[in-house]
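Protein chains in written order, with UniProt numbering: chain A, 1 to 201; chain B, 1 to 201. Encoded as structure tokens, the structure appears first; notes follow it.
2 protein chains.
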Amino acid sequence: MSLQDILTTGTAPKRVAAGMGFWKSLFSALDTPVAAPSSVPADDPLAGYGPQAVEITPAIAANQRLILSTRRDIDLQELEALCDAVGWSRRPVRKVRRALDNSFLVVSLWEQLAQQRRLIGFARATSDHAFNATIWDVVINPSFQGQGLGRVLMEYVIAQLQQAEIPNITLFADPHVVDFYRRLGFVLDPEGIKGMFWYPS
Amino acid sequence: MSLQDILTTGTAPKRVAAGMGFWKSLFSALDTPVAAPSSVPADDPLAGYGPQAVEITPAIAANQRLILSTRRDIDLQELEALCDAVGWSRRPVRKVRRALDNSFLVVSLWEQLAQQRRLIGFARATSDHAFNATIWDVVINPSFQGQGLGRVLMEYVIAQLQQAEIPNITLFADPHVVDFYRRLGFVLDPEGIKGMFWYPS
Chain A
1 MSLQDILTTG TAPKRVAAGM GFWKSLFSAL DTPVAAPSSV PADDPLAGYG PQAVEITPAI
61 AANQRLILST RRDIDLQELE ALCDAVGWSR RPVRKVRRAL DNSFLVVSLW EQLAQQRRLI
121 GFARATSDHA FNATIWDVVI NPSFQGQGLG RVLMEYVIAQ LQQAEIPNIT LFADPHVVDF
181 YRRLGFVLDP EGIKGMFWYP S
Chain B
1 MSLQDILTTG TAPKRVAAGM GFWKSLFSAL DTPVAAPSSV PADDPLAGYG PQAVEITPAI
61 AANQRLILST RRDIDLQELE ALCDAVGWSR RPVRKVRRAL DNSFLVVSLW EQLAQQRRLI
121 GFARATSDHA FNATIWDVVI NPSFQGQGLG RVLMEYVIAQ LQQAEIPNIT LFADPHVVDF
181 YRRLGFVLDP EGIKGMFWYP S
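Structure, rendered in structure tokens:
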């Protein structure tokens, strides 16, 4: 079953299935009406992660839950710690908040152990809400890399953008992740279209 | 005098100087307080074009004025006619309106002949309002191409984004305009960063 099938038929359970090194993604029907928070069982692992949350199953470790969320009220200290972990340069918190507020989509990946939750992955996208989206700041905590979580995170981002009917999904890939994105269906310079960056002279 | 000088010193007049094939751009100080519409003289050619409007001088033809504007309440029929003129495929008006409403920057270029005005150029940018902007839909009416108006339009777009302190300005260039953007200071695949587009499988 392809991601497209799932989005079209909307019959998949609210789970994402995981395997070592390869994730067979089973996305929830993202347009299914979501229960109001008051009706969510107290032991619902997705409670507090927002209406688009999905759980990745099985988790990597025992007692662990891995949850994808589109909530954008992320603690910026936690986000900074995640970006620090991959060696990104620090950015002013005020500007990061502004960027999140003005992103079309903000996706976070959480590890939940009992009542403790930890931000272990992130991505966001700018968009005109109609034709184009551009994905930025894709990151997975190095301790959680190599297990396919980056792929699941990106498939979730793509599913959300498809759900919003954005036809043109783009990104700018560092050289060492070009193959990663290629395996996800991203095409390099299609029809000779080139990514360009402006530098002040 | 470079564009950067002008933006830094803010001493240039509210005019853009034009020459055949090469435009020496003299941008207005975009952060200069703008007079309220009620105080604009009735014969002000920039009246009605919004607070960021600049005139390109000299114009190409007699009795002609060329004006750049950031107003986003563009008549969508006019915009469609412009896009038709360069052979772009038609897009649903409702989605175009949505895209304009959700663009960070919308720039239009107008030819004014007496009381008649005509849309002859366009560009827009999406952004997170903090770190990144991506420029889309850059177009000049073919009858007005080859006179440097594309360059002036793009310099105005860049100036607006610099004014908003967006450090990372990007775009995806079709093969035949890569050199055009290169001359404007855009760099292809800097440090091996590649533009990628997602295609549904």
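Glycine included, each C-beta is placed from N, C-alpha and C at the ideal position. Source: prediction; values computed, not measured.
Write down every uninterrupted run of the beta strand (DSSP E) in the segment 38-67 of chain B whose length is 3 residues or greater and which is fully enclosed by it, in chain order. 54-57
Only counting runs of 3 or more residues, tell me where the beta strand (DSSP E) segments fall wholly within the UniProt domain "N-acetyltransferase" (66-201) of chain A, in order along the chain. 105-113, 116-127, 132-140, 168-173, 186-188 and 194-198
Under the rule that 16 or more other beta-carbon atoms within 10 Å means buried, what is Ala53 of chain A, buried or exposed? The residue given as residue 53 of chain A occupies position 53 in the first sequence. So Ala53 of chain A ends up on the buried side.
Looking at C-alpha atoms only, which residue of B:Glu80, B:Gly195 and B:Phe186 is the closest neighbour of Asn168 of chain A? By 1-based counting over the first sequence, the position of residue 168 of chain A is 168. Nearest to Asn168 of chain A by C-alpha distance, out of B:Glu80, B:Gly195 and B:Phe186, is B:Gly195.
Could you tell me which chain B residues have their CB closer than 8 angstroms to the CB of Tyr156 of chain A, listed as they occur along the chain? As a first step, residue 156 of chain A must be located in the first sequence, where it is residue number 156. Residues of chain B passing the Cβ test: none, with the nearest at roughly 13 angstroms.
Determine the chain A residues that contact Tyr49 of chain B at a beta-carbon separation under 7 angstroms, and present them in chain order. Your numbering for residue 49 of chain B matches position 49 in the second sequence. Residues of chain A passing the Cβ test: none, with the nearest at roughly 23 angstroms.
Beta-carbon contacts of Leu76 of chain B that lie in its chain and below 7 angstroms, excluding the five residues immediately before and after: Position 76 of the second sequence, counted from the first residue, corresponds to residue 76 of chain B. Closer than 7 angstroms at Cβ, skipping near neighbours: Val93, Val96 and Arg97.
Could you work out which residues of chain B lie near Asn168 of chain A, taking near to mean beta carbons separated by less than 8 angstroms? Along the first sequence, one-based indexing puts residue 168 of chain A at 168. Within chain B, the residues near Asn168 of chain A are Phe197.
Would you mind giving the Cβ-Cβ distance between Leu119 of chain A and Glu78 of chain A, rounded to the nearest angstrom? I have them listed as a contact below 8 angstroms. Locating residue 119 of chain A in the first sequence gives position 119, where the first residue counts as 1. Locating residue 78 of chain A in the first sequence gives position 78, where the first residue counts as 1. That pair is a contact at about 4 angstroms.
Contacts that Gly192 of chain A makes with chain B (C-beta to C-beta distance below 8 angstroms): The residue given as residue 192 of chain A occupies position 192 in the first sequence. By Cβ distance, chain B contributes Asp174 and Pro175.
For a cutoff of 8 angstroms on Cβ pairs, would you count Leu188 of chain A as touching chain B? As a working mapping, residue 188 of chain A is identified with position 188 in the first sequence. It does; some Cβ of chain B falls within 8 angstroms.
Taking 8 angstroms as the threshold, find out whether the segment 138-150 of chain A comes into contact with the segment 80-88 of chain A through three or more Cβ pairs. yes
Measuring straight from C-alpha to C-alpha, what distance separates Phe197 of chain A and Gly185 of chain B? Residue 197 of chain A sits at position 197 when you count from the first residue of the first sequence. Residue 185 of chain B sits at position 185 when you count from the first residue of the second sequence. C-alpha separation (whole angstroms): 8 angstroms.
Exposure label - residue 210 of chain A; buried when at least 16 CB within 10 Å: Only positions 1 to 201 of chain A appear in this structure, which leaves residue 210 of chain A out of reach.
If you draw a straight line from the C-alpha of Glu191 of chain B to the C-alpha of Val178 of chain B, how long is it? If you number the second sequence from 1, residue 191 of chain B lands on position 191. If you number the second sequence from 1, residue 178 of chain B lands on position 178. Approximately 17 angstroms between the Cα atoms of the pair.
Does the distance from the C-beta atom of Pro45 of chain B to that of Gln115 of chain B stay below 8 angstroms? For the purposes of this step, residue 45 of chain B is identified with residue 45 of the second sequence, where counting begins at 1. For the purposes of this step, residue 115 of chain B is identified with residue 115 of the second sequence, where counting begins at 1. Result no, Cβ atoms of Pro45 of chain B and Gln115 of chain B do not sit closer than 8 angstroms.
Should Ser127 of chain B and Ile166 of chain B be called a contact, given that it needs their Cβ atoms to be closer than 8 angstroms? On the second sequence, residue 127 of chain B is found 127 positions in, with the first residue counted as 1. On the second sequence, residue 166 of chain B is found 166 positions in, with the first residue counted as 1. Contact: yes.
Tell me whether Phe104 of chain A counts as near the ligand ATP, meaning its Cβ is closer than 7 angstroms to at least one heavy atom of that ligand. As far as ligands go, the structure on display features none, and thus does not contain the ligand ATP.
Which residues in the same chain as Asn102 of chain A place their Cβ atom closer than 8 angstroms to its Cβ, once the five residues preceding and following it in sequence are excluded? By one-based count along the first sequence, residue 102 of chain A stands at place 102. For Asn102 of chain A, where only same-chain residues beyond five positions count, the Cβ hits under 8 angstroms are Thr126.
At a Cβ cut of 7 angstroms, what residues of the segment 114-131 of chain A count as close to chain B, listed as they run along the chain? Thr126, Ser127, Asp128, His129, Ala130 and Phe131
8 angstroms Cβ shell around Asn63 of chain A - same chain, five flanking residues per side excluded: Counting from one through the first sequence, the residue named residue 63 of chain A turns up at place 63. Closer than 8 angstroms at Cβ, skipping near neighbours: Leu113 and Ala114.
According to the Cβ coordinates, are Arg100 of chain B and Val107 of chain B closer than 8 angstroms? Looking up residue 100 of chain B in the second sequence gives position 100. Looking up residue 107 of chain B in the second sequence gives position 107. Checking the sequence shown, residue 100 of chain B turns out to be Leu, not Arg. Cβ distance not < 8 angstroms, so Leu100 of chain B and Val107 of chain B don't count as in contact.
Between the CA atoms of Arg71 of chain B and Pro200 of chain A - distance to the nearest angstrom: Position 200 of the first sequence, counting from 1, holds the residue named residue 200 of chain A. Position 71 of the second sequence, counting from 1, holds the residue named residue 71 of chain B. Roughly 26 angstroms separates the two Cα atoms.
How many Å lie between Phe131 of chain B and Gln163 of chain A at the Cα? Locating residue 131 of chain B in the second sequence gives position 131, where the first residue counts as 1. Locating residue 163 of chain A in the first sequence gives position 163, where the first residue counts as 1. Spanning the two alpha carbons is a distance of roughly 26 angstroms.
Are the CB atoms of Leu181 of chain B and Leu171 of chain B nearer to each other than 8 angstroms? Looking up residue 181 of chain B in the second sequence gives position 181. Looking up residue 171 of chain B in the second sequence gives position 171. In the sequence as displayed, the identity of residue 181 of chain B is Tyr instead of Leu. Taking 8 angstroms as the Cβ cut-off, Tyr181 of chain B and Leu171 of chain B qualify as a contacting pair.
Collapsed DSSP secondary structure at Met20 of chain B in the structure displayed: Residue mapping note: residue 20 of chain B aligns to position 20 of the second sequence, counting from 1. Annotation note: pLDDT 32 at Met20 of chain B (below 50); position unreliable, no value reported.
Can you grab the Cα-Cα spacing for the pair Gly146 of chain A / Ile56 of chain B, in whole Å? In the first sequence, counting from the first residue as 1, residue 146 of chain A sits at position 146. In the second sequence, counting from the first residue as 1, residue 56 of chain B sits at position 56. If you take the alpha carbons of Gly146 of chain A and Ile56 of chain B, they lie about 55 angstroms apart.
Find the nearest neighbour of Gly150 of chain A within the set A:His129, A:Pro175 and A:Arg183, judged by alpha-carbon distance. Walking along the first sequence from the start, residue 150 of chain A turns up at place 150. If we check each option's Cα against that of Gly150 of chain A, A:Arg183 comes out closest.
Whole angstroms are fine: how far does the CA of Ala59 of chain A sit from the CA of Arg65 of chain A? Walking along the first sequence from the start, residue 65 of chain A turns up at place 65. Walking along the first sequence from the start, residue 59 of chain A turns up at place 59. Distance between the alpha carbons of Arg65 of chain A and Ala59 of chain A is about 6 angstroms.
Exposed unless 16 or more other CB atoms sit within 10 angstroms - verdict on Asp137 of chain B: Start at 1 with the first residue of the second sequence, and residue 137 of chain B comes out as number 137. Under this definition Asp137 of chain B is a buried residue.
Step through the CB atoms of chain B and report whether any lies within less than 8 angstroms of the CB of Arg98 of chain A. Translated into the one-based positions of the first sequence, residue 98 of chain A becomes position 98. By this cut-off, Arg98 of chain A is an interface position.
Cβ neighbours of Phe104 of chain B in the same chain (closer than 7 angstroms, five flanking residues each side left out): Counted from its first residue, the second sequence places residue 104 of chain B at position 104. Excluding residues within five positions, the ones whose Cβ falls inside 7 angstroms are Ala125, Thr126, Ser127, His129 and Ala133.
If I'm right that Leu153 of chain A touches Gly121 of chain A with Cβ under 8 angstroms, what's the distance once you round it to whole angstroms? As a first step, residue 153 of chain A must be located in the first sequence, where it is residue number 153. As a first step, residue 121 of chain A must be located in the first sequence, where it is residue number 121. Yes, they are in contact, since the Cβ atoms of Leu153 of chain A and Gly121 of chain A sit about 5 angstroms apart, within 8 angstroms.
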